[in-house]
Amino acid sequence: MSRSGLLLPLIGIVFLSFGCAAAPPKKDYTAFLAANPRSILVIPVVNNTTSVEAPGLFLSTLPIPVAERGYYVFPVNMVKGVLENEGLSDPNLVHAADPGRLCNLFGADSVLYVSIEAWTAKYLLINTQVTVEFDYLMKDGKTGDTIWKEHRRVVSNSSDGAQDPLSPLVMAVIAKAYPNYMPMARSANSWVFTAPGIGLPAGPHHKEYGKPADSGR
Amino acid sequence: MTSRRPSFLLLAAFAAAAASGCAPKTAYLWGDYDAALYAHYANPQDSERYLERLGRIVQKAEAEKDRMPPGLYAEYGYALFEAGRLDEALTYYKKEREEWEESRVFMDKMIRNTRRLKEVRPGPAPGGELPPPAGPTPGALPAGEAK
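Here it is, written out as structure tokens:
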């Protein structure tokens, strides 16, 4: 056995151990980078909860974080209005439509599908637990393939503010009466779209576009 | 933020940032675009206020041209369109088209439709407002392309 014959497996072991050191499995961005979208069509969100106001409220939190990643984001309210005039006022219908056809209609490169899975405020003794949960999925307009997806659940407990001068009971009652969903929705979005190795790679309007870094900032 | 404490801390941080007005620096000047949309969905009948808020955001963003948010001109144009102010709507659709090449297919369609609608229905008097147009649906794209 030659020297190199010994060396090669050794190098392999070194690489393997490096691989183990690297934390959570990274997302595979191959399909996303191949599709290389410039623009994203954000369509009305599907609501899988009983909250009536959740879809509108949540839709309003989407364009900013997506556009800040460096993509052209179509005007969400205009898109919603145009779809409604096309007879697609039910978001479920829009989500079921062919992505290629949707993209053609607007001249978009990709579509972002979002659904609301939880939007609740639960009162338990002296604590109110507010939960939001979303599913995100992006499809390429040319191939119709899924090029990115993510899921996020954010839970907040009113009892966490224990150091607050208000009694936990008062805090819980306030949180139940006025559950503060919006900051939670924003924080979910910010993680989902921006976190390195999780979010959207920097797009063409971002100063880091095309840099070799996997994704995130 | 699956653990509880960080989520609360983050909320507190958000609240503090919102209160002090020192939001993190963004590439674009969004103003209160998200809040304007949010208020519009919470209270759809108050479309006048929505239009007014968008107008102010556009005005502020125009001061720093390279920080004009994508979609904002068009969003404002559409609000004008819905208010029956078709000429102004056209102006902002064209601005969007000019600013963002990604918007061209969509803006071209909207510009065509708005012009067609203007022929069907004479435009409003200068500065005047008309109720949303009757007849052909305002936002409809040309027949045939929809299905």
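Just so you know, the sequences run in chain order S and V.
In this text, residue positions in the first sequence follow numbering that gives the first Met the number 0: the first is 0, and each later residue adds one.
In this text, residue positions in the second sequence follow numbering that gives the first Met the number 0: the first is 0, and each later residue adds one.
Built from N, CA and C at the ideal position, the CB exists for glycine as well.
task = Return no unless some Cβ of chain V is closer than 9 Å to the Cβ of Asp108/S.
result = Judged by the 9 Å Cβ criterion, Asp108/S is in contact with chain V.
query = Nearest chain S C-beta to Asp33/V closer than 9 Å, yes or no?
reply = yes
ask   = Taking only beta-carbon atoms, is Ala82/V less than 9 Å away from chain S?
value = Not one chain S Cβ lies under 9 Å of Ala82/V.
inquiry  = Once DSSP output is grouped into helix, strand and coil, what is the label at Ser155/S?
reply    = strand
request  = Mark Pro98/S as exposed unless 16 or more other C-beta atoms lie within 10 angstroms of its C-beta, in which case mark it buried.
outcome  = buried
task = Report yes or no: is there a C-beta of chain S within less than 9 Å of the C-beta of Val104/V?
result = Cβ-Cβ to chain S under 9 Å: yes for Val104/V.
key: Nearest-angstrom Cα separation, counted from Ser46/V out to Phe105/V   = Approximately 23 Å, taken between the alpha carbons.
ask   = Counting Cβ pairs, one atom from each stretch, are 3 or more of them under 8 Å apart for the stretch 176–196 of chain S and the stretch 120–137 of chain S?
value = yes
ask   = How many Å lie between Leu61/S and Arg103/V at the Cα?
value = 22 Å
query = Going by Cα to Cα distance, which pick from Lys121/S, Ala176/S, Gly55/S and Gly86/S is closest to Tyr40/V?
reply = Among Lys121/S, Ala176/S, Gly55/S and Gly86/S, the Cα nearest to that of Tyr40/V belongs to Gly55/S.
key: Under 9 Å between C-beta atoms of Val113/S and Leu101/S   = no
query = Measuring CB to CB, does Pro43/S end up less than 9 Å from Val78/S?
reply = yes
query = Rounded to whole angstroms, how far is the Cβ of Pro167/S from the Cβ of Tyr77/V, which I believe are closer than 8 Å?
reply = Incorrect: roughly 46 Å between the Cβ atoms, too far for contact.
inquiry  = Can you pull the chain V neighbours of Val72/S, defined as C-beta to C-beta under 7 Å?
reply    = Pro69 and Gly70
query = Does the distance from the C-beta atom of Leu36/V to that of Asn103/S stay below 9 Å?
reply = no
query = Taking DSSP as the reference, what is the three-state secondary structure of Cys21/V?
reply = Note that Cys21/V has pLDDT 48, beneath the 50 cutoff, so the model's placement of it is unreliable and the number below is only indicative. In this structure, Cys21/V counts as coil in the three-state DSSP scheme.
query = Which chain S residues sit within Cβ distance under 9 Å of Tyr40/V?
reply = Glu52, Pro54, Gly55, Leu56, Leu58, Ser59 and Asn76
request  = Using DSSP bridges, identify the partner residues of Asp134/S.
outcome  = Ser114/S and His150/S
inquiry  = Less than 7 Å between C-beta atoms, sequence neighbours within five positions excluded: which residues of the same chain meet that for Ala30/S?
reply    = Only Asp144 and Ile146 meet the Cβ criterion.
query = Since Glu101/V meets chain S, which of its residues come closer than 7 Å, beta carbon to beta carbon?
reply = Arg37, Ser38 and Tyr71
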